[in-house]
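K.L.:
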Amino acid sequence: MIVSPQQLNRRARFYRELAQMTEVGMSLHVALKTMQRHARSGDTRQAIDSLLVSLDQGNSFHSAMMSAKNWLPSFDVALLGAGEQSGTLPACFTKLAGYYEERGRLLRQMLASLAYPFFLIHMAVLVFPISSLQNLVQEGSIVGFVIKKFLIIVPLYIVVGIVAFLSQSTRGGGVRAVLDAVFNVVPFLGAARRSLSMARLCLSLEALINAGTNIISAWELAGAACGSPRLERAINAFRPQLESGTTPSEVVGMSHAFPEEFVSQYHSAELSGKTDETLTRLHKYYEECGKRESRAAVVAAGALVFGAVMISVAYQIIQFWMNYFGQIQKVLE
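Here it is as structure tokens:
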């Protein structure tokens with residue numbers, strides 16, 4: 350399933366309402382009952398129903414979440430399970446609400462930034478080749494014009510849809526790894542993706558550690574939530590070294606998957622006992638870098654599309670005049 354800003358906003362609203370109700374002393378069961386009566390989305394209502402059925406059977410909230418795992422990501426389940434054990438569920442709900450609000454905001458900004466290149470591509474498809482427009486005006490061949498444009502635009506939509514579908518976190522790791530490797534070599538886009546992955550990693554890791562999650566599980570779950578197959582592979586190899594007594598900062602330092610500033614600051618934070626503060630600061634730093642690089646990627650994409658359109662215009666004009674003078678030459682001969 351392709352994630353949209355609306356879906357992320359619904360998830361953020363779900364956690365925000367739970368945080369508000371549990372913070373004022375309302376029990377989790379009563380809070381879910383209240384939300385059940387006002388749930389607008391079908392998938393949200395089904396998830397709440399599943400949670401309530403499991404809670405009514407005497408299960409813990411963590412066990413209830415496991416029954417709704419198709420709707421709740423592993424990161425959410427782990428964070429809320431740790432929050433239940435440590436008595437910090439309201440804070441965990443607030444953290445998840447902020448997490449999904451941020452993801453939704455970034456996705457909306459990205460889609461809005463892509464509007465101009467999207468418009469240019471469609472205008473280029475409609476206008477070129479000029480011969481199609483000439484046939485439309487001179488012969489009135491509307492059906493032929495529409496068919497030609499559909500044969501161009503439909504394959505583009507199919508390719509974009511397939512790439513978006515395969516990029517989802519629920520798809521196979523091998524396919525996502527290949528796409529990740531391809532995207533990472535694209536100027537600006539690769540840097541933006543790496544920065545945003547690091548921002549998600551820092552946010553997830555800080556939230557899980559503060560909720561009381563075991564450090565090994567926290568790293569593995571944060572790696573799964575960061576959205577980067579490369580980082581996830583590197584983090585999944587940490588467990589043997591961490592279990593043997595090596596500190597996380599030492600393992601991170603031996604890996605080549607992390608930026609130098611992250612390695613040095615995480616090491617300093619581990620020594621000073623300020624890991625949570627450092628991760629929060631790094632999250633903001635990488636988020637700002639990701640936004641800046643994303644804007645640069647969109648500007649570059651727009652310039653590339655605009656340049657391609659201008660080249661096409663120049664080519665069509667040259668072709669027109671060459672044909673025109675060719676016809677004059679034939680008449681003179």
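Start counting the sequence shown at 350; every next residue gets the next number (our numbering). Ideal Cβ placement from N, Cα and C applies to all residues, glycine included.
#1: So what's residue 437 in DSSP terms, helix, strand or just coil?
#2: Kindly give me the distance between the Cβ atoms of residue 628 and residue 551, rounded to whole angstroms, as I take these residues to be in contact under 8 Å.
#3: Report the residue from 530, 404, 440 whose alpha carbon sits nearest the alpha carbon of residue 558.
#4: Please report the Cβ distance between residue 381 and residue 400, rounded to the nearest whole angstrom; I am assuming they are in contact, meaning their Cβ atoms lie under 8 Å.
#5: Could you tell me which of 494, 432, 576, 471 sits nearest to residue 529, measuring between CA atoms?
#6: For residue 568, count neighbouring C-beta atoms within 10 Å of its own C-beta (all shown protein chains included) and say buried if the count is 16 or more, exposed if not.
#7: Considering only the beta carbon of each residue, do residue 580 and residue 598 sit closer than 9 Å?
#8: Where does residue 638 sit, in a helix, a strand or coil, going by DSSP?
#9: With a threshold of 7 Å on Cβ separation, who are the neighbours of residue 624 within its own chain once the five nearest residues in sequence on each side are excluded?
#10: Compare the C-alpha of residue 391 against each of 408, 360, 414, 379 and name the closest.
#11: Between residue 424 and residue 526, how many whole angstroms is the CB-CB distance? I'm expecting something under 8 Å.
#12: For the 8 Å Cβ check, are there 3 or more pairs between the stretch 529-547 and the stretch 640-657?
#13: With contact counted as at least three CB pairs below 8 Å, one residue from each stretch, are the stretch 374-389 and the stretch 404-413 in contact?
#14: When burial is assigned at 16 or more other CB atoms within 10 Å of the CB, is residue 659 buried or exposed?
#15: Can you list, in chain order, the residues of its chain whose CB lies under 6 Å from that of residue 433, leaving out five sequence neighbours each side?
#16: Go ahead and pull the three-state DSSP assignment for residue 447.
#17: Would you mind sorting residue 350 into buried or exposed? The rule is 16 or more other CB atoms within 10 Å of its CB.
#18: Given a threshold of 16 other Cβ atoms within 10 Å of its Cβ, counted over all protein chains shown, does residue 632 qualify as buried or as exposed?
#19: Name the two residues that bound the continuous alpha helix (DSSP H) containing residue 551.
#20: Taking 9 Å as the CB-CB cut-off, is residue 585 touching chain C?
#21: Does DSSP classify residue 477 as helix, strand or coil?
#22: Can you round the beta-carbon distance between residue 601 and residue 612 to whole angstroms, since I take them to be within the 8 Å contact cut?
#23: Please return the same chain residues whose Cβ sits closer than 7 Å to the Cβ of residue 417, not counting the five positions on each side in sequence.
#24: For a test of your reading of the model: does the CB of residue 667 fall under 8 Å from any non-hydrogen atom of the ligand ATP? Yes or no.
#25: Quick check on residue 678: buried or exposed, where buried means 16 or more other Cβ atoms within 10 Å of its Cβ?
#26: Residue 638 and residue 583: beta carbons closer than 9 Å?
#27: For residue 572, report the span of its alpha helix (DSSP H) as first-last.
#28: Compare the C-alpha of residue 444 against each of 367, 508, 615, 531 and name the closest.
P.N.:
Reading off the structure:
#1: coil
#2: 5 Å
#3: 440
#4: 6 Å
#5: 576
#6: buried
#7: no
#8: helix
#9: 558, 618
#10: 360
#11: That pair is no contact at about 19 Å.
#12: yes
#13: yes
#14: exposed
#15: 410, 411
#16: helix
#17: The predicted model places residue 350 with a pLDDT of 46, which falls under 50 and marks its position as unreliable; any figure quoted below should be read in that light. It is exposed - the Cβ of residue 350 has fewer than 16 other Cβ atoms within 10 Å.
#18: buried
#19: 538-559
#20: Here chain C cannot be found, since the structure has a single protein chain.
#21: coil
#22: 6 Å
#23: 396, 399, 400
#24: Absent from the structure shown: the ligand ATP. Ligands present: none.
#25: exposed
#26: no
#27: 564-574
#28: 367
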